[in-house]
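As they're listed, the protein sequences go chains W and Z. The numbers in the numbering used here rise by one with no breaks, and the one at position 145 of the first sequence is 145. The numbers in the numbering used here rise by one with no breaks, and the one at position 166 of the second sequence is 166. Written out below as structure tokens is the structure these notes cover.
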Amino acid sequence: MKIADWLERHAVTGVTVERNASLEEAARALLAEPECRDVYVTDAEGRVVGHLGFRRLAGVLLSAHRPTHSRRQMLERVTGGPVDEFMDRHFISARIDEHVHQVLHPHMERRVEDIPVLDGDGRLAGIIRLVDLLRAAIDPSDQSVG
Amino acid sequence: MEILLIGILLLVGLIFGTLGSHYFGVPRVVGYILVGMLFAPDILGEQLGMKDTEWTQPLVSVALGVIAYVIGGAISPNQLRRLGWSIVGATLGEVSGAFLAVLGAVLLLGMTVADLPLWSFALVLGALAPATAPAAIVAVVHQYRARGQLTTTLLGMVAIDDALGILIFALVMAVVGSGSLGVALGTAFWEIGAALLVGGAGGFVIERLSRRFHEQSMLLPLLLGGIILTTGLAAWAEFSALLAAMVLGFSVRWFCGPHAERLFEPVEDLEETVFVLFFAFAGMHFSPAAVIDYWPLMLTYFLARAIGLFVGGGSGARLAGAPRAVWSNVGFGLFPQGGVAIGLALLLVHQSGFSQAGHVIVNLITATTLLTEAVGAISVRYGLRRAGEIGLEQAGGEAK
């Protein structure tokens with residue numbers, strides 16, 4: 001199944017924030033969409049330039065409650081900064097014209113739960129969630145995962 | 001037999017340290033050191049065929065490389081710009097204050113070890129003084145839910161002062177032992193220049209390679225390989241391994257960008273293992289005779305370091321425009337000294353020209369570390385309370 005078709009059946013709109021947004025703004029945007037686990041950071045033109053996972057976001061915002069810190073975590077706590085100081089620039093993504101089975105391997109390899117699907121301009125077209133892939137895989141009547 | 005002993009030191013050290021901390025309220029490092037003392041070559045170590053501690057040297061070098069990599073990668077260039085003058089000023093003051101105070105005090109005391117000139121001995125001790133123990137400070141901050149400008153300043157300072165400490169140590173080691181000023185300058189230029197070059201280029205290569213390894217489990221061998229290769233190259237070409245490993249960390253962080261977790265977390269997890277070994281090795285070098293013979297030196301080092309940190313840190317913060325609550329209390333939060341200082345001291349034991357001095361320095365740093373671990377937490381708590389930043393008292397107290 002093509003990813004474009006998958007997104008029609010499993011429409012999940014991802015959470016995006018601009019790169020100069022604060023971590024608190026990113027957290028608010030994420031919490032408003034309970035089915036999403038990741039925030040995608042965009043430039044001024046709306047192109048996705050980075051990824052910020054829920055655990056990373058929560059880890060930084062709740063760092064004061066952590067009993068031990070590495071030096072790196074101490075400096076993150078002290079210096080703070082906008083989301084583009086914490087995002088992963090080298091995130092995996094899928095293209096809308098790819099096949100669904102092609103995204104399964106990166107899902108497993110990177111241990112991520114969501115994979116962003118980007119259109120030809122690099123803007124977010126939707127999200128493929130591991131939970132939906134798993135649901136399709138164990139459903140004998142669903143052949144979309146292949 | 002070395003492998004057997006390392007296993008014993010790690011496991012028994014961890015058990016002793018945890019039990020001591022749980023039942024007697026003593027810092028865990030006491031347990032680590034005691035286990036090391038127990039397995040020293042002239043006690044139980046001999047039963048395991050250990051006649052000396054020469055075999056620990058490669059392990060110490062690599063372990064220090066790991067710590068230097070973590071220290072170097074702690075801060076990104078953007079964070080450095082955002083850190084704020086008060087933290088930068090206080091850190092520069094603290095590091096230079098501790099270095100100069102110990103250097104001056106040891107020179108005034110005039111006490112050295114037979115195989116080392118007084119100036120060299122004082123310089124090396126001065127270079128060991130700025131290192132602090134972030135874990136001890138974070139523990140107090142967390143226990144008392146401290147919040148405020150002093151807390152932030154302290155966390156920033158102890159996260160970066162070890163980097164400056166390592167830089168000073170590398171410079172001092174490059175200079176010590178060089179006969180004339182010209183030779184010393186040439187040696188320092190090579191040691192630092194080559195370390196910057198190799199560490200910087202190595203960081204670029206490691207970061208690029210890491211993009212090819214998507215599985216988390218592949219990153220640890222890549223990173224350890226990079227660190228060990230860098231320290232090995234440094235030993236072979238005679239430039240500073242510590243500085244090269246630190247620059248490697250900084251360079252990886254630089255090229256990686258903001259999301260550097262995956263290239264540091266696997267190595268950061270090794271830090272406690274490294275420190276257990278460092279303290280246990282320090283215990284293996286423990287010599288009551290050295291402590292008795294050199295107690296005036298140990299007392300001088302302890303007091304001069306405390307004064308240098310207090311005056312230097314406070315002055316630096318004040319000059320940088322920090323408020324009174326910060327500059328008048330920041331010195332209280334810096335006393336704890338730990339694994340980094342012990343590791344640097346262990347490096348000296350098998351350094352040429354340091355056969356006796358290295359032994360004395362390890363004992364000195366071990367003794368003063370125990371002292372700073374004991375009074376350090378009290379001192380940090382006192383400073384934070386004085387600044388009005390203790391939010392929640394121990395044992396379920398209420399937030400103020």
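Backbone N, C-alpha and C fix where the C-beta goes; we use that ideal spot for every residue, glycine too.
Report the three-state DSSP secondary structure of residue i (helix, strand or coil).
i                         : result
proline 58 of chain Z     : helix
tyrosine 69 of chain Z    : helix
proline 296 of chain Z    : helix
threonine 366 of chain Z  : helix
threonine 16 of chain W   : strand
histidine 259 of chain Z  : coil
alanine 152 of chain W    : For chain W, the structure presents residues 1 to 146; residue 152 of chain W sits outside this window and is missing.
isoleucine 115 of chain W : strand
leucine 9 of chain Z      : helix
arginine 208 of chain Z   : helix
threonine 273 of chain Z  : helix
histidine 65 of chain W   : helix
alanine 131 of chain Z    : coil
tyrosine 144 of chain Z   : coil
alanine 322 of chain Z    : coil
alanine 114 of chain Z    : coil
glycine 26 of chain W     : According to the sequence as given, residue 26 of chain W is alanine; it is not glycine. Correct three-state label for alanine 26 of chain W: helix.
Excluding sequence positions up to five away, which residues of its chain have a Cβ less than 8 angstroms from the Cβ of residue i?
i                           : result
alanine 159 of chain Z      : Ala74, Ile75, Pro134
alanine 395 of chain Z      : In this predicted model, alanine 395 of chain Z has a pLDDT of only 39, less than 50, meaning its place in the structure is not dependable; the value taken from the coordinates is given anyway. Cβ within range, chain order: n/a, list empty.
histidine 69 of chain W     : Ser63, Arg77
phenylalanine 86 of chain W : Leu23, Leu52, Arg56, Leu57, Val60, Glu76
glycine 49 of chain Z       : Met1
Whole angstroms are fine: how far does the CA of residue j sit from the CA of residue i?
i                         : j                           : result
glycine 263 of chain Z    : arginine 89 of chain W      : Rather than glycine, the amino acid found at residue 263 of chain Z in this sequence is leucine. Rounded to whole angstroms, leucine 263 of chain Z to arginine 89 of chain W spans 14 angstroms at the Cα level.
leucine 299 of chain Z    : alanine 101 of chain Z      : 13 angstroms
glutamate 207 of chain Z  : valine 252 of chain Z       : 6 angstroms
tyrosine 382 of chain Z   : glycine 182 of chain Z      : 47 angstroms
isoleucine 115 of chain W : leucine 52 of chain W       : 12 angstroms
threonine 112 of chain Z  : alanine 357 of chain Z      : 8 angstroms
aspartate 97 of chain W   : valine 39 of chain W        : 23 angstroms
alanine 234 of chain Z    : glycine 122 of chain W      : 44 angstroms
aspartate 269 of chain Z  : arginine 95 of chain W      : 36 angstroms
proline 82 of chain W     : asparagine 78 of chain Z    : 11 angstroms
valine 362 of chain Z     : valine 70 of chain Z        : 23 angstroms
glycine 126 of chain W    : serine 144 of chain W       : 17 angstroms
leucine 7 of chain W      : serine 141 of chain W       : 18 angstroms
isoleucine 192 of chain Z : leucine 347 of chain Z      : 18 angstroms
histidine 22 of chain Z   : valine 103 of chain W       : 49 angstroms
isoleucine 307 of chain Z : glutamate 54 of chain Z     : 35 angstroms
glycine 25 of chain Z     : phenylalanine 91 of chain W : 45 angstroms
aspartate 161 of chain Z  : leucine 125 of chain Z      : 16 angstroms
alanine 40 of chain Z     : methionine 74 of chain W    : 36 angstroms
Using a Cβ-Cβ cut-off of 7 angstroms (strictly less than) and excluding sequence neighbours within five positions of residue i, which residues of its own chain qualify?
i                         : result
tryptophan 327 of chain Z : Gly314, Ala317, Arg318
aspartate 43 of chain W   : Arg19, Val49
aspartate 132 of chain W  : His10
alanine 27 of chain W     : Leu57, Leu61
Counting only the same chain and skipping the five closest in sequence on each side, list residues whose C-beta sits under 6 angstroms from that of residue i.
i                            : result
glycine 397 of chain Z       : For glycine 397 of chain Z, the pLDDT reaches just 36, beneath the cut-off of 50, and the residue's location in the model is therefore unreliable, although a value from the coordinates is still provided. None.
tryptophan 236 of chain Z    : none
arginine 168 of chain W      : Absent from the structure is residue 168 of chain W, since the part of chain W shown begins at 1 and ends at 146.
phenylalanine 354 of chain Z : Leu348
phenylalanine 275 of chain Z : Gly339
Give the DSSP bridge partners of residue i, in chain order.
i                       : result
aspartate 88 of chain W : W/His51
histidine 99 of chain W : W/Lys2
tyrosine 40 of chain W  : W/Thr16, W/His51
alanine 94 of chain W   : W/Val117
Count Cβ pairs between the region 31–48 of chain Z and the region 11–23 of chain Z that sit closer than 8 angstroms; are there 3 or more? yes
Would you call the region 116–129 of chain Z and the region 81–99 of chain Z touching, i.e. three or more CB-CB distances under 8 angstroms? yes
Should the region 244–251 of chain Z be called in touch with the region 194–203 of chain Z, which here means at least 3 C-beta pairs below 8 angstroms? yes
Kindly confirm or deny that the region 135–153 of chain Z and the region 52–69 of chain Z touch, where touching means at least three C-beta pairs closer than 8 angstroms. no
Does the region 273–282 of chain Z touch the region 339–354 of chain Z, meaning 3 or more C-beta pairs lie closer than 8 angstroms? yes
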